[in-house]
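See below:
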């Protein structure tokens with residue numbers, strides 16, 4: 020079963036309802052890129068009339084995690100995944116529709132091959148960049164994912 024935006028958005032509604040209710044939605048996913056968006060609304064704003072940082076983090080993490088999930092699914096291997104660390108830089112107020120993009124699917128595929136071949140856990144830093152409707156960067160988020168083969 021290949022992951023699609025529809026399947027990932029259904030996953031959000033069922034398993035990550037906070038992200039779903041805040042308006043986070045996957046727009047596209049391929050082997051190399053995942054794009055998600057979220058629109059500033061009353062339910063996801065902070066007291067300063069912009070998008071709450073945690074909502075931006077949910078959308079950004081989703082783009083990185085969805086690429087990892089998709090590659091694990093393609094490899095058909097029992098691999099666990101977990102966020103180990105994260106860093107974020109906010110450069111502008113997030114208002115309107117914010118689109119987050121991660122383009123590191125190739126690096127994920129390479130790392131998962133290494134995990135399978137070595138049998139050892141590995142980590143990878145993945146980046147998601149959020150831009151507003153004018154194309155200006157509002158936030159850059161990095162997530163360190165740890166991947167390892169599940170014990171039998």
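Residue numbers (this note's numbering): 20 to 171. Note that CB positions come from ideal geometry on N, CA and C, so glycine has one too.
Query	Result
Using 8 Å as the Cβ pair cut-off and three pairs as the minimum, do the segment 42–52 and the segment 79–93 touch?	yes
Identify the continuous alpha helix (DSSP H) that holds residue 84 and give its terminal residues.	72–94
Please classify residue 62: is it buried, with 16 or more other beta-carbons within 10 angstroms of its beta-carbon, or exposed?	exposed
Which residues in the same chain as residue 101 place their Cβ atom closer than 6 Å to its Cβ, once the five residues preceding and following it in sequence are excluded?	165
Using C-beta distances below 6 Å, list every residue in its chain close to residue 50, excluding the 5 sequence neighbours before and after it, in chain order.	124
Using 10 angstroms around the beta-carbon of residue 151, count the other beta-carbons present and answer buried if the total reaches 16, otherwise exposed.	buried
As a quick exercise: from 58, 145, 157, pick the residue whose alpha carbon is nearest that of residue 103.	145
Does any residue of chain B have a CB that is nearer than 8 Å to the CB of residue 57?	Included in the structure is just one protein chain, with no chain B present.
Under the rule that 16 or more other beta-carbon atoms within 10 Å means buried, what is residue 153, buried or exposed?	exposed
Between the C-alpha atoms of residue 30 and residue 36, what's the straight-line distance to the nearest angstrom?	9 Å
Note down the Cα distance separating residue 89 from residue 161, rounded to an integer number of angstroms.	19 Å
Keeping to the same chain, check which residues put their C-beta closer than 7 Å to that of residue 122; ignore five residues upstream and five downstream.	51, 52
Run through DSSP, which three-state label would residue 151 get?	coil
Under the assumption that residue 94 contacts residue 135 (Cβ atoms under 8 Å), give the Cβ distance between them as a whole number of angstroms.	7 Å
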